[in-house]
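Using this note's numbering, the letters of the sequence shown correspond one by one to residues 31 to 480.
Idealized CB from N, CA, C, for every residue including glycine.
What you are looking at is a predicted structure, and each value in this text was computed from that prediction instead of being measured.
Heads up: the structure comes next, in structure tokens.
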Amino acid sequence: MFKRILIANRGEIALRVIRAAKCLGIETVCVYSTADAGAPWLEYADRSICIGPGPSAQSYLRIERIIAAAEVSGADAIHPGYGFLSENAHFAEVCRDSQIAFIGPSPEAMGLLGDKVSCKKMARKAGTPVFPGTEDAIEEVDAAVKVANEIGYPVIVKATAGGGGRGMRIARNDDELRAGIASARQEAAAAFGNGAVYIEKFLEHARHFEVQTIGDSHGNAVHLFERDCSSQRRHQKLIEEAPAPAVDPEKRLRVCESAAALIRSAKYCGAATVEFLMDAKQNFYMLEVNTRVQVEHPVTEMITGVDIVREQILVASGARLSMQQSDIVARGHAIECRINAEDPDRGFMPQAGLIESFAAPGGLGVRLDSHARAGYRIPSNYDSMIGKLIVHGPDRATAIARLKVALAEFKIAPMKTTISLHRRLLEHPEFVDATFDIHYVERFLKKDAK
Ligand code: ADP
Numbered sequence: 031m032f033k034r035i036l037i038a039n040r041g042e043i044a045l046r047v048i049r050a051a052k053c054l055g056i057e058t059v060c061v062y063s064t065a066d067a068g069a070p071w072l073e074y075a076d077r078s079i080c081i082g083p084g085p086s087a088q089s090y091l092r093i094e095r096i097i098a099a100a101e102v103s104g105a106d107a108i109h110p111g112y113g114f115l116s117e118n119a120h121f122a123e124v125c126r127d128s129q130i131a132f133i134g135p136s137p138e139a140m141g142l143l144g145d146k147v148s149c150k151k152m153a154r155k156a157g158t159p160v161f162p163g164t165e166d167a168i169e170e171v172d173a174a175v176k177v178a179n180e181i182g183y184p185v186i187v188k189a190t191a192g193g194g195g196r197g198m199r200i201a202r203n204d205d206e207l208r209a210g211i212a213s214a215r216q217e218a219a220a221a222f223g224n225g226a227v228y229i230e231k232f233l234e235h236a237r238h239f240e241v242q243t244i245g246d247s248h249g250n251a252v253h254l255f256e257r258d259c260s261s262q263r264r265h266q267k268l269i270e271e272a273p274a275p276a277v278d279p280e281k282r283l284r285v286c287e288s289a290a291a292l293i294r295s296a297k298y299c300g301a302a303t304v305e306f307l308m309d310a311k312q313n314f315y316m317l318e319v320n321t322r323v324q325v326e327h328p329v330t331e332m333i334t335g336v337d338i339v340r341e342q343i344l345v346a347s348g349a350r351l352s353m354q355q356s357d358i359v360a361r362g363h364a365i366e367c368r369i370n371a372e373d374p375d376r377g378f379m380p381q382a383g384l385i386e387s388f389a390a391p392g393g394l395g396v397r398l399d400s401h402a403r404a405g406y407r408i409p410s411n412y413d414s415m416i417g418k419l420i421v422h423g424p425d426r427a428t429a430i431a432r433l434k435v436a437l438a439e440f441k442i443a444p445m446k447t448t449i450s451l452h453r454r455l456l457e458h459p460e461f462v463d464a465t466f467d468i469h470y471v472e473r474f475l476k477k478d479a480k
């Protein structure tokens with residue numbers, strides 16, 4: 031087992047990893063930028079090392095400084111968290127070359143699943159449902175137009191190296207497709223240094239359904255059921271829940287098993303999320319695989335009782351998964367709200383600055399994963415998420431009721447947060463009845479602004 035883990039991240043996920051490591055009796059080292067000097071989570075680490083100024087390009091993304099910090103502190107493993115370097119295959123490779131365990135998949139598995147075209151090929155082989163579309167990256171535009179006419183418009187042009195919603199264009203006819211391929215290629219080349227694009231069927235109304243999986247280095251892989259993350263704004267998830275409400279139990283299980291089969295076929299060691307869109311007829315289409323722990327992993331932990339970060343650490347050290355598929359049972363319903371320091375009434379403007387008061391909610395089934403507290407100054411350099419409020423209950427209605435109480439108790443001042451928005455979304459008929467799709471939040475905000 032590892033002796034000391036370096037955490038190449040910040041905020042709530044740094045704290046989450048510290049907690050899991052401590053439960054395993056492992057020491058922790060945090061790296062931090064000057065903008066995070068004195069931040070609360072650093073108090074809980076055994077050691078903290080400053081690696082540069084506030085902008086992440088000069089600190090949390092600087093591979094050589096992170097490796098140097100690991101070497102200086104004698105860390106034998108690095109947990110990358112999410113974001114930053116977590117899906118950077120080069121970083122995973124540098125860790126390996128430096129004989130430091132990367133708590134995540136091998137650079138090879140990351141590369142295979144991170145490239146959308148190669149991932150889709152593997153998925154097809156493993157029996158994971160995928161969107162109809164081009165098999166490979168587009169070479170000839172005319173050939174792509176032909177495929178689009180076969181599958182029918184609308185289609186979406188996507189970058190094979192895509193991420194963060196960039197390099198995507200929706201096309202509703204041949205002309206839009208030709209223009210979309212050209213502009214997506216340009217955008218992808220600028221953003222990812224790789225201009226390859228492909229097309230697939232575009233779903234107008236869909237729900238976001240994702241399967242949590244985890245594999246070990248002995249060829250075992252399991253799924254921990256699914257999450258619904260349809261409450262989104264600009265592709266950023268706001269509310270996530272598990273299980274996905276109102277989905278046919280057999281279809282749900284089949285998709286979850288197909289996700290585990292994909293991870294197994296990739297000889298994948300670590301936690302991965304296989305993301306799908308689900309249409310109104312409950313057909314599933316894979317979007318992509320995220321090769322890291324996700325922000326919303328706690329809802330899965332709440333229904334399964336599995337500590338996902340602990341499992342990540344264990345399998346990275348070479349241990350076998352501590353459970354088999356038949357051991358994993360989902361109980362009750364869990365919902366997570368992302369608490370962002372943003373003003374939902376003013377275009378989600380980020381709210382940096384000093385938190386003067388912070389009253390956390392509590393009670394049965396209430397979990398708060400947050401690095402924030404009164405006296406904490408939110409820096410303006412990073413994303414605005416200051417915590418996650420997660421509730422668990424025996425069923426969805428009870429979880430919603432508990433969440434409403436918890437959100438009402440939760441008071442952060444003086445800045446605006448997404449708490450007020452969550453309270454309104456929980457009353458939204460489409461949320462209450464689970465008849466929502468991934469655009470309902472934006473429809474709601476548009477109507478609200480009028
Ligand atoms: P990225 O890696 O850039 O996040 P994804 O493939 O995950 O890209 O897609 C981002 C979002 O774009 C999805 O969550 C979904 O809202 C939308 N999207 C992507 N592909 C499709 C599709 N085929 N049909 C409908 N919406 C899509």
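Whole-Å CB distance - residue i paired with residue j, under 8 angstroms assumed
i: Cys53; j: Ser78; result: 20 angstroms between Cβ atoms; not a contact.
i: Leu419; j: Ala436; result: 6 angstroms
i: Leu495; j: Ala201; result: What the structure shows of the chain is the stretch from 31 to 480, and residue 495 is not part of that stretch, so it cannot be assessed.
i: Ala50; j: Asp337; result: 6 angstroms
i: Ala251; j: Ala290; result: 5 angstroms
i: Glu326; j: Ala389; result: Actually they are not in contact, since the Cβ atoms of Glu326 and Ala389 sit about 24 angstroms apart, beyond 8 angstroms.
i: Ala119; j: Met140; result: 5 angstroms
i: Pro249; j: Arg294; result: Reading the sequence as shown, one finds Gly at residue 249 and not Pro. That pair is a contact at about 7 angstroms.
i: Ala349; j: Leu142; result: Rounded, the Cβ-Cβ distance is 23 angstroms, inconsistent with contact.
i: Phe306; j: Leu292; result: Incorrect: roughly 11 angstroms between the Cβ atoms, too far for contact.
i: Lys434; j: Arg368; result: Not really, about 16 angstroms apart at Cβ, beyond 8 angstroms.
Cβ-Cβ distance between residue i and residue j below 9 angstroms
i: Gln342; j: Val319; result: no
i: Val160; j: Thr190; result: no
i: Glu57; j: Arg40; result: no
i: Gly377; j: Ser400; result: no
i: Ile133; j: Ala75; result: no
i: Val177; j: Ile211; result: no
i: Val175; j: Asp204; result: yes
i: Gln262; j: Val47; result: no
i: Ala479; j: Ser414; result: no
i: Cys259; j: Glu234; result: no
i: Lys281; j: Phe314; result: yes
i: Pro135; j: Thr321; result: yes
i: Ser86; j: Asn411; result: yes
i: Ala43; j: Tyr112; result: Looking at the sequence itself, residue 43 is Ile, so the reference to Ala does not match. In this structure, Tyr112 lies closer than 9 angstroms to Ile43 by Cβ.
i: Val285; j: Thr158; result: yes
i: Ala131; j: Ala346; result: yes
i: Ile181; j: Lys231; result: yes
i: Val462; j: Arg432; result: no
i: Val339; j: His109; result: yes
i: Gly84; j: Asp66; result: yes
i: Glu138; j: Gly193; result: no
i: His238; j: Ile430; result: no
i: Ala26; j: Ala464; result: The question about residue 26 has no answer here: the residues shown for the chain are numbered 31 through 480.
Per DSSP, cross-strand counterpart(s) of residue i
i: Lys441; result: Ala389
i: Trp242; result: Inspection of the sequence shows that residue 242 is occupied by Gln rather than by Trp. Its beta-bridge partners are Thr303.
i: Lys267; result: Gln262
i: Tyr470; result: In the DSSP output, where bridge partners are listed per residue, Tyr470 has none listed.
i: Leu384; result: Arg407
i: Ile369; result: Gly417
i: Ser63; result: Gly82
i: Leu36; result: Val59 and Ile108
i: Met379; result: Asp373
i: Val252; result: Ile244
i: His396; result: Here the sequence assigns Val to residue 396, which means His is not the residue at that position. According to DSSP, which records beta bridges pairwise, Val396 is partnered with Val421.
CB contact below 9 angstroms: residue i versus chain B
i: Ile358; result: Here there is only one protein chain, and chain B is not present.
Handout entry: Complete alpha helix (DSSP H) runs within the region 139 to 201 (minimum length 4 residues, chain order)
Key = Within the region 139 to 201, the runs of alpha helix (DSSP H) at least 4 residues long that lie entirely inside it are, in chain order, 146 to 156 and 171 to 181.
Practice task
Please specify which runs of the beta strand (DSSP E), each continuous and at least 3 residues long, are wholly inside the region 294 to 353, giving them in chain order.
Solution key: Runs found: 300 to 308 and 314 to 320.
Problem - the region 196 to 205 contacting the region 217 to 224, beta-carbon criterion three pairs below 8 angstroms - result: Cβ pair count under 8 angstroms is three or more, so yes.
Problem - the region 368 to 386 contacting the region 422 to 432, beta-carbon criterion three pairs below 8 angstroms - result: Fewer than three Cβ pairs drawn from the region 368 to 386 and the region 422 to 432 lie within less than 8 angstroms of each other, which leaves the two stretches out of contact.
Practice task
Could you tell me whether the region 355 to 363 touches the region 270 to 280, where touching means 3 or more Cβ pairs closer than 8 angstroms?
Solution key: They touch, by the three-pair rule.
Exercise for the section: Run through the region 66 to 134 for me and flag every whole alpha helix (DSSP H) of 4 or more residues, listed as ranges in chain order. Expected result: You should have 93 to 103 and 119 to 127.
Handout entry: beta strand (DSSP E) runs contained entirely in the region 214 to 243, provided each spans 3 or more residues
Key = List check, beta strand (DSSP E) in window: 227 to 231.
Handout entry: Cβ contact (3+ pairs, closer than 8 angstroms) linking the region 242 to 257 and the region 293 to 304
Key = Output reads yes: the region 293 to 304 touches the region 242 to 257.
Problem - Contact between the region 438 to 455 and the region 382 to 397 (3+ Cβ pairs under 8 angstroms) - result: Contact holds: three or more Cβ-Cβ distances are below 8 angstroms.
Exercise for the section: Check whether the region 398 to 412 touches the region 450 to 470, counting contact only when three or more Cβ pairs, one atom from each stretch, lie closer than 8 angstroms. Expected result: Touching, no, given that fewer than three Cβ pairs across the two stretches are closer than 8 angstroms.
Practice task
Please specify which runs of the beta strand (DSSP E), each continuous and at least 3 residues long, are wholly inside the region 399 to 443, giving them in chain order.
Solution key: Taken in chain order, the unbroken stretches of beta strand (DSSP E) that lie wholly in the region 399 to 443 and span 3 residues or more are 415 to 423 and 441 to 443.
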